[in-house]
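**Q**
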Amino acid sequence: MCEICDADLDPADVNGGLVTFQPDDRSRDWRRRAAEEPGFVGHPPDTGWFCGAHIDAARAAARTLTFPEGMRRLRTDGEASDAPALDLQPDLEPDLVGVELGSGRPVASDPFGLQWVEWTVTSIDAHTFAASLRSTLPALMEALGLGSTPALEQRTDRRWNPMDGTQPPWCPFTDTTVDAGSAADGTPIDLEVVLNHWNDDDVANASVSLAIGDRLWISVYRADGSGRDVDTIRLRRPTTGAVLAVVAGLVR
Ligand SMILES: [Zn+2]
């Protein structure tokens with residue numbers, strides 16, 4: 033059912049679909065449990081189904097908002113509307129002033145007080161981009177003052193998303209690949225690739241995220257929200273100029 037209007041969704045209806053919002057602590061925790069606990073079932077808390085009338089607004093909101101934020105926005109508006117990325121200069125940390133952003137642009141979004149730096153790149157497979165991001169980990173760890181990069185353990189997991197009478201293996205599913213580890217001081221590192229599949233051949237959308245404790249959060253997705261490629265990189269919590277320089281270097 034559509035999250036906004038409760039319309040029944042037909043899996044064959046190409047207009048509606050699954051939309052994954054920005055991760056928050058709850059969805060990261062959910063994906064971690066889903067990957068670790070055999071038999072864990074359910075629906076990722078950052079993802080929802082939307083009918084053809086509401087999916088464009090949902091995708092627009094998902095670019096900047098977490099699922100609860102997006103639902104508040106969409107239900108308050110009562111109808112389709114873009115989540116505005118207002119043209120405000122975010123209050124970047126003083127040491128970020130003058131940092132070379134490359135093709136990046138600072139973005140701020142009222143009313144949620146969100147700030148980030150965003151880059152648009154040529155479309156690239158989500159797993160390929162995640163590998164590049166992983167290769168920058170030593171530089172990011174150094175930029176954050178966290179010392180050497182620990183070995184990361186990789187887990188992959190498939191969650192079935194039964195809907196409208198379809199059951200595994202004929203229903204949509206979500207494949208999650210997590211590379212996880214901890215810095216010497218215990219700071220958790222999570223690199224995730226999430227592919228929402230309609231079926232084996234058809235990826236509804238893909239996203240990549242990297243969280244280093246509460247120090248760094250990078251989320252990567254595709255602006256039009258479809259397929260296995262990503263083309264938009266968002267650095268939230270750009271805590272230092274050194275971190276910004278690493279990400280800008282990757283994207284260049
Ligand atoms: Zn709807």
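Following our numbering, the numbering of the sequence shown begins with 33 at its first residue and continues without gaps. Each residue gets a CB set at the ideal place from its N, CA and C atoms; glycine is no exception. Quick caveat: nothing in here was measured; it's all calculated off a predicted structure.
(1) CB of F82 to nearest heavy atom of ligand 1: below 7 Å?
(2) Take the Cβ of G218 as the centre, count every other Cβ of all protein chains shown within 10 Å, and call the residue buried at 16 or more, exposed below.
(3) When we look at the beta-carbon of G281 and count the other beta-carbons within 10 Å, is it buried (16 or more) or exposed?
(4) Going by other Cβ atoms of all chains shown within 10 Å of its Cβ, with 16 needed for buried, is R254 buried or exposed?
(5) Any heavy atom of ligand 1 closer than 7 Å to the CB of A85?
(6) Using the rule of at least 16 other Cβ atoms within 10 Å of the residue's Cβ for burial, across every protein chain shown, is N228 buried or exposed?
(7) For W148, which three-state DSSP category applies?
(8) Are V262 and V240 touching if we call contact CB-CB under 8 Å?
(9) For W62 and R137, I'd like the C-alpha separation in whole angstroms.
(10) Are there three or more Cβ pairs, one per stretch, closer than 8 Å when the region 151–159 is compared with the region 169–181?
(11) Should A216 go down as buried or exposed, given a rule of 16 or more other Cβ atoms within 10 Å for buried?
(12) Quick check on the DSSP output: the alpha helix (DSSP H) that includes G281 runs from which residue to which?
(13) Is it the case that the CB of I36 approaches a heavy atom of ligand 3 more closely than 7 Å?
(14) Are there any heavy atoms of ligand 1 lying less than 7 Å away from the beta-carbon of A92, as far as the coordinates show?
(15) For P32, I'd like the list of residues in its chain whose CB is within less than 6 Å of its CB, leaving aside the five on either flank, ordered along the chain.
(16) In the DSSP output, what is G213 paired with across the bridge?
(17) Assign A90 to one of three DSSP states: helix, strand, or coil.
(18) Can you grab the Cα-Cα spacing for the pair R260 / D78, in whole Å?
(19) Between I244 and A236, what straight-line distance do the alpha-carbon atoms span, to the nearest angstrom?
(20) Quick one: grab the DSSP three-state call for C34.
(21) Between the Cα of V13 and the Cα atoms of R284, R268 and T272, which residue gives the shortest distance?
(22) What's the C-alpha gap between E185 and R60?
**A** Result, derived from the coordinates:
(1) Yes, since a heavy atom of ligand 1 falls inside the 7 Å radius drawn around the Cβ of F82.
(2) Result: exposed.
(3) G281 should be labelled exposed.
(4) By the 10 Å Cβ count, R254 comes out buried.
(5) Yes, the Cβ of A85 comes within 7 Å of a heavy atom of ligand 1.
(6) Here N228 is buried: its Cβ has 16 or more other Cβ atoms, across all protein chains shown, within 10 Å.
(7) The answer is strand: DSSP assigns W148 an E or B state.
(8) Result yes, Cβ atoms of V262 and V240 sit closer than 8 Å.
(9) A straight line joining the alpha-carbon of W62 with that of R137 spans about 31 Å.
(10) With contact defined as three or more Cβ pairs closer than 8 Å, the region 151–159 and the region 169–181 are not in contact.
(11) Exposed, because fewer than 16 other Cβ atoms sit within 10 Å of the Cβ of A216.
(12) G273 to V283 is the span of the alpha helix (DSSP H), which, as asked, contains G281.
(13) Annotation note on ligand 3: not contained in the displayed structure, which lists ligand 1 as its ligands.
(14) The nearest non-hydrogen atom of ligand 1 is 7 Å or more from the C-beta of A92.
(15) Look at the range of the chain in this structure, 33 to 284, and you will see that residue 32 is not part of it.
(16) Within the DSSP secondary-structure output, G213 pairs in a beta bridge with I221.
(17) Looking at A90 - three-state DSSP - the assignment turns out to be helix.
(18) The C-alpha of D78 is placed about 18 Å away from the C-alpha of R260.
(19) I244 and A236 have their C-alpha atoms spaced approximately 27 Å apart.
(20) The answer is coil: DSSP assigns C34 none of H, G, I, E or B.
(21) Any answer about residue 13 is impossible in this case: the structure gives the chain only from 33 up to 284.
(22) Rounded to the nearest angstrom, the two C-alpha atoms are 16 Å apart.
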